[in-house]
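Heads up, the thing below is written out as structure tokens.
Residue numbers (the numbering used here), protein chains in the order written: chain L, 1 to 237; chain G, 1001 to 1301.
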């Protein structure tokens, strides 16, 4: 099946400079491109400073469509102010596209990654082609093969079922925890929960579930001020 | 008399008190952090709300990399010490952050990091200014330190960033920053970009009357002129030579306009670290022409 893709990062292009949607496939409409441009994570959006940091996000876009994004550090930021650019690779999809992946968006993302998408390449800007990925997941991961999530997954799921927005702080491996959460949810629930495994909180990006490796008072205070319940990962073991 | 129930009633009263956002006019609970519409800090509205005279919004616009954050930070630092008869004090912790971040970076011979596009991460400046010739006339200088990409998005689709829309609409003065080096290298692109920003400003101020056009003063400020002597020596002629469309547009409108040149460092160089990251290094801080645009705007209000 074909999925549309886009790249959001800081670059100097004919269209703009700084953080903007630098590349997209033809199926990304102007309206969707504007929405992704407003959503896109900019400077400082990855809370972890490790250059190997990788963060997944999943969120609804327009008219019932969905998006899965992988955010990483890229090359040097072009403007001479130091630091690395933050690069976000986005795939847009419909709910039906997830059926072959048991509605596990991380399984779809892993497949795309294995096929060479969602990765930093030498050409980030310009026109892109749609992504071709198998309709059904080529590999099925058993939950028991996953590392220990380090948190009470059932408790997180029960809070999510109450439609409560939630932030879990101090998670050793947010992606692994998210894999466990998805594996323990019903199929109907999986595609209903928007999440991020490490993007800085912002009113431009509202996720139901926020997982962070770091834990500090500032982060906790911010979440509480916008009505998001915070939990320390240690309290969930 | 039941003092506990009275206390609870008073708490309920205060917790229901609403504050009107100074930027967009939305009403919010008094204890909120930021306006949920425009992301302006509620502290700004709480401290300025009760006054009789409305604040003087002065908007700093410019493309990504034009030098808005550096300009604002150095400006605040100069004003806090008093310069050319102007003295000002940053009001509020959110305001001091702009000055602090810039001066701390320059002390380390770096420039501050890129401003994020997310409006809820912007620092805002609120500075109370007075000129020694008119000490009783106090100006509240208010502006967000905005990301250039956000400004570009707002211009492309008005209303994307309510803070930019509302502050620009209410501003009596606009500081439009243009990177003089980029103007030299890609003058047509920079001219058209500047023209787009000017068009946006005047569209927000134009109610069809001649008076509305006169009400906004535009200071076009060429930045980084330590690297562009042509701009530094005669900014007006530099503008005529390199950004003629902007010059003509300003002339066609009845509002005040003037071209300025500014720089904050005496000299700088490009450093490349072991990861290939390019960083501009400031050898020494030597502000030139930083206060003049603001002084000119204030004198016209």
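Think of the CB as a built atom: it goes at the ideal place given N, C-alpha and C, for glycine as much as any other residue.
By the 10 Å Cβ neighbour count, where 16 or more other Cβ atoms means buried, how is residue 218 of chain L classified, buried or exposed? exposed
Hey, is residue 1099 of chain G's beta-carbon within less than 8 Å of any beta-carbon in chain L? no
Using a Cβ-Cβ distance under 8 Å, would residue 57 of chain L count as near chain G? No, residue 57 of chain L lies away from the interface with chain G (no Cβ there is under 8 Å from its Cβ).
Strictly under 8 Å for the Cβ-Cβ distance: is residue 1278 of chain G near chain L by that measure? yes
Bridge partners for residue 1140 of chain G per DSSP, in chain order? G:1128
Could you tell me the boundaries of the beta strand (DSSP E) in which residue 66 of chain L lies? 66-76
Bridge partners - residue 2 of chain L, DSSP secondary structure assignment: DSSP output for residue 2 of chain L lists L:132 as bridge partner(s).
Between which two residues does the beta strand (DSSP E) holding residue 57 of chain L run? 54-60
Taking a Cβ distance cut-off of 9 Å, strictly less, list which residues of the region 58-89 of chain L are near chain G, in chain order. 75, 76, 77, 78, 79, 80, 81, 82, 83, 84
Under 8 Å, do residue 1267 of chain G and residue 1226 of chain G count as touching if we go by C-beta distance? Closer than 8 Å, so yes.
Tell me the DSSP secondary structure of residue 1205 of chain G in three-state form. helix
Determine whether the Cβ of residue 94 of chain L lies closer than 8 Å to any Cβ atom of chain G. no
How would you call residue 1276 of chain G, buried or exposed, if buried means at least 16 neighbouring beta carbons within 10 angstroms? exposed
Measure from the C-beta of residue 1219 of chain G to each C-beta in chain L and report whether the shortest distance is under 8 Å. no
Rounding to the nearest angstrom, what Cα-Cα distance links residue 78 of chain L and residue 14 of chain L in this structure? 14 Å
Alpha carbon to alpha carbon, how far is residue 117 of chain L from residue 26 of chain L? Give it in angstroms, no decimals. 16 Å
Can you find the residues in the same chain that come closer than 7 Å, C-beta to C-beta, to residue 1 of chain L, ignoring five residues on each side of it along the sequence? Within the same chain, 97, 133, 135 come within 7 Å of residue 1 of chain L by CB-CB distance, once the 5 residues on both sides are set aside.
Residue 1088 of chain G - DSSP class collapsed to helix/strand/coil: Judged by DSSP in its simplified three-state form, residue 1088 of chain G adopts strand.
Sheet register partners of residue 232 of chain L (DSSP bridge): L:169
Counted within 10 angstroms of its Cβ, other Cβ atoms place residue 147 of chain L as buried (16 or more) or exposed: exposed
Give me the Cβ distance between residue 1169 of chain G and residue 1204 of chain G, rounded to the nearest whole Å; I'm assuming they're in contact under 8 Å. With 8 Å as the limit, residue 1169 of chain G and residue 1204 of chain G qualify as a contact, their Cβ atoms being about 4 Å apart.
Whose C-alpha, out of L:52, L:58, L:35, is nearest the C-alpha of residue 197 of chain L? Scanning L:52, L:58, L:35 for the CA closest to the CA of residue 197 of chain L turns up L:58.
Can you tell me whether DSSP reads residue 1238 of chain G as helix, strand or coil? helix
Tell me the DSSP secondary structure of residue 124 of chain L in three-state form. coil
Between which two residues does the alpha helix (DSSP H) carrying residue 17 of chain L extend? Where residue 17 of chain L is concerned, there is no enclosing alpha helix (DSSP H), although the beta strand (DSSP E) it sits in stretches over 17-24.
Test: residue 52 of chain L CB closer than 8 Å to a CB of chain G: Not flagged as an interface residue toward chain G: residue 52 of chain L, since no C-beta distance is shorter than 8 Å.
Check each residue of the region 19-51 of chain L: if its Cβ is closer than 9 Å to any Cβ of chain G, include it; give the result in chain order. Cβ contacts with chain G: 19, 20, 34, 37, 38, 40, 41, 42, 43, 44, 45, 51.
Leaving aside the five residues before and after residue 1259 of chain G along the sequence, list all residues of the same chain whose C-beta is less than 6 Å from its C-beta, in chain order. 1220, 1235, 1236, 1239
Report yes if the C-beta distance between residue 1172 of chain G and residue 1216 of chain G is below 8 Å; otherwise report no. yes
Buried or exposed for residue 1093 of chain G, please, with buried defined as at least 16 other CB atoms from any protein chain shown within 10 angstroms of its CB. Exposed, by the Cβ-count rule.
For chain G, check one thing: does any of its Cβ atoms lie closer than 8 Å to the Cβ of residue 17 of chain L? yes
By the criterion of Cβ-Cβ separation under 9 Å, what are the contact partners of residue 202 of chain L in chain G? 1116, 1118, 1119, 1120, 1121
Bounding residues of the beta strand (DSSP E) (the contiguous stretch that carries residue 1167 of chain G): First-last for residue 1167 of chain G: 1162-1170, but that is the alpha helix (DSSP H), not the beta strand (DSSP E).
Going straight from the alpha carbon of residue 178 of chain L to that of residue 105 of chain L, what length do you get? 10 Å
Can you confirm whether residue 225 of chain L, when its beta carbon is compared against all beta carbons of chain G, has any partner nearer than 8 Å? So yes, residue 225 of chain L belongs to the interface.
Out of curiosity, what's the CA-to-CA distance linking residue 1282 of chain G and residue 1105 of chain G? 10 Å
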